[in-house]
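Worksheet: one structure, shown below.
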Amino acid sequence: MNKLLEQCKLCPHNCKVNRLNGQIGRCKCTDKIQIALASLHKFEEPCISGTNGSGTVFFSNCNLNCIFCQNYEISHLGKGHEITVDELANIFLEQQEKGAHNINLVTPTMYVVQIIEALKIAKSKGLSIPIIYNTNSFENIETIQMLDGYIDVYLPDLKYYSNDLSKKYSKANNYFENATNAIKEMYKQVGSPEFDENGMIKKGVIIRHLILPNYIQNTKNILKWIKENMRR
Ligand code: SF4
Numbered sequence: 112m113n114k115l116l117e118q119c120k121l122c123p124h125n126c127k128v129n130r131l132n133g134q135i136g137r138c139k140c141t142d143k144i145q146i147a148l149a150s151l152h153k154f155e156e157p158c159i160s161g162t163n164g165s166g167t168v169f170f171s172n173c174n175l176n177c178i179f180c181q182n183y184e185i186s187h188l189g190k191g192h193e194i195t196v197d198e199l200a201n202i203f204l205e206q207q208e209k210g211a212h213n214i215n216l217v218t219p220t221m222y223v224v225q226i227i228e229a230l231k232i233a234k235s236k237g238l239s240i241p242i243i244y245n246t247n248s249f250e251n252i253e254t255i256q257m258l259d260g261y262i263d264v265y266l267p268d269l270k271y272y273s274n275d276l277s278k279k280y281s282k283a284n285n286y287f288e289n290a291t292n293a294i295k296e297m298y299k300q301v302g303s304p305e306f307d308e309n310g311m312i313k314k315g316v317i318i319r320h321l322i323l324p325n326y327i328q329n330t331k332n333i334l335k336w337i338k339e340n341m342r343r
């Protein structure tokens, strides 16, 4: 699977750089996993954080670099440290032991290849809590297809309807087309949200949308798309 990093096309930037020999593309990631933080996060949506917290892993760097990012040091400046696939698997297991309701992979797109390997190891050692893929949605559909069977909950942003806005604020071309194709694939895999007896999410898609000041039509267009495409 590492071969996918030889000509990286994990996201729609399609940089085609060889990350195995140290080349970097738009996201600045090599073949090494880099994370900024792993912790029990208590401030996601209540159905994700619950009482114990969500076992969150913040991956360093990003394939979008939005100018309004709240994690600027992690996403733009690459703050973090390198870990191995085995160490990532152990982090997942440690979060479960600490009582996390789920594993929450934040900005995982650039590391999908290594995350799948880590999940295989962790699941063989007893990882059983839901796995959440928390993404900006600037994804190639083939990348989401690789995750089929590994992810229980998709938590995609749907930021921009307008291509002008996605270029202006995230330097991303065709964001809406790529993001909606990816979200349709996510929905095909896991469907609408399902919750356990305590109200915690077990499975499904939750779309997040940030309202941009002065761009209410952007939000209206996105809500219209969600209503038309994300039916139970
Ligand atoms: S994951 Fe990074 S290197 Fe790969 S295509 Fe996207 S931006 Fe480029």
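Quick note: to get the numbering used here, add 111 to the position in the sequence shown (first position is 1). Think of the CB as a built atom: it goes at the ideal place given N, C-alpha and C, for glycine as much as any other residue.
- A distance below 8 Å separates the beta carbons of cysteine 119 and arginine 130.
- Less than 8 Å separates the beta-carbon of leucine 269 from that of serine 248.
- With 5 Å as the limit, the residues whose C-beta approaches any heavy atom of the ligand SF4 more closely are Cys119, Leu121, Cys122, His124, Cys126, Gly136, Arg137, Cys138, Asn174, Met221, in sequence along the chain.
- By the C-beta density criterion, glutamine 225 is buried, having at least 16 other C-beta atoms within 10 angstroms.
- Within the segment 117-200, the complete alpha helix (DSSP H) segments of 4 residues or longer fall at 157-160, 183-186, listed in chain order.
- The continuous stretches of alpha helix (DSSP H) do not include threonine 246, which lies in the beta strand (DSSP E) extending over residues 242-246.
- When beta bridges are read from the DSSP output, arginine 319 appears opposite Asp268.
- Judged by DSSP in its simplified three-state form, lysine 331 adopts helix.
- Each residue's CA atom was taken as its position, placing glutamate 205 and glutamate 117 some 31 Å apart.
- By the Cβ criterion, the segment 154-166 is in contact with the segment 303-316, since at least three pairs of Cβ atoms, one from each stretch, lie closer than 8 Å.
- With contacts defined by Cβ atoms closer than 8 Å, isoleucine 322 and alanine 293 do not form a contacting pair.
- Short of 8 Å from the beta carbon of glutamate 296, and not among the five residues preceding or following it, lie these beta carbons of its own chain, in chain order: Ile252, Ile255, Gln256.
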